[in-house]
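First comes the structure, then the notes that go with it.
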Amino acid sequence: MNAVTRIQPDESIYGSRTERAYRATIAVHVPDCDEMSMAARCDIAAMRDQASVGMARATDSAVVILGEVSRMASAAVYADMPTSNLLRVRAALKLTMMAAREVERIQRDG
2 MNAVTRIQPD
12 ESIYGSRTER
22 AYRATIAVHV
32 PDCDEMSMAA
42 RCDIAAMRDQ
52 ASVGMARATD
62 SAVVILGEVS
72 RMASAAVYAD
82 MPTSNLLRVR
92 AALKLTMMAA
102 REVERIQRDG
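Mapping to the numbering used here: the sequence shown position 36 is 37, numbers consecutive.
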């Protein structure tokens, strides 16, 4: 018996559907974006969205931190800044998201 198989592109090569959507939107606002800058902007956009969603279910302390992540990411994702600055912003936001997760765990467990 032969079954019909849906063949999908390799996610590691073409990126997820979400990443492709971020790339399309960012390309409209930052048309001359190099690949490293685009990857950083996509990560920043994803963290912005994760923080916004997380704010709906987080404890009060974590909401404050996630609000800052969302605010900072919103300002950075389309900002005219060098790639090195985007990479630093991305790293800072990742650390801040980790801090929000830890605060959330402490608040829920304590």
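By construction, the Cβ of each residue, glycine as well, lies at the ideal position given by its N, Cα and C atoms. Being a predicted model, the structure only gives us computed values, none of them experimental.
Checklist entry - Counting along the chain, where does the alpha helix (DSSP H) carrying Y23 start and finish? => result From DSSP, the alpha helix (DSSP H) with Y23 extends over 18-30.
Item to check | N- and C-terminal bounds of the alpha helix (DSSP H) containing A93 | outcome: 84-110
Checklist entry - Near R49, what residues of its chain come up, given a Cβ to Cβ distance below 6 Å and the 5 sequence neighbours on each side ignored? => result S71, A74, S75
Next on the checklist: Along the chain, where does the alpha helix (DSSP H) containing C43 start, and where does it finish?
Outcome noted: 36-56
Next on the checklist: Tell me whether the region 52-70 and the region 90-101 touch, counting them as touching only if at least three CB pairs, one residue from each stretch, are closer than 8 Å.
Outcome noted: yes
Checklist entry - How many angstroms separate the CA atom of A40 from the CA atom of D110? => result 35 Å
Checklist entry - Which term fits A46, buried or exposed, when burial requires 16 or more other beta carbons within 10 angstroms of its beta carbon? => result Buried: at least 16 other Cβ atoms inside 10 Å.
Checklist entry - Within this structure, are the beta carbons of E20 and C34 separated by less than 8 Å? => result no
Checklist entry - What do you get for S62, buried or exposed, if any count of 16 or more other CB atoms within 10 angstroms of its CB means buried? => result With fewer than 16 Cβ atoms within 10 Å of its Cβ, S62 is classed as exposed.
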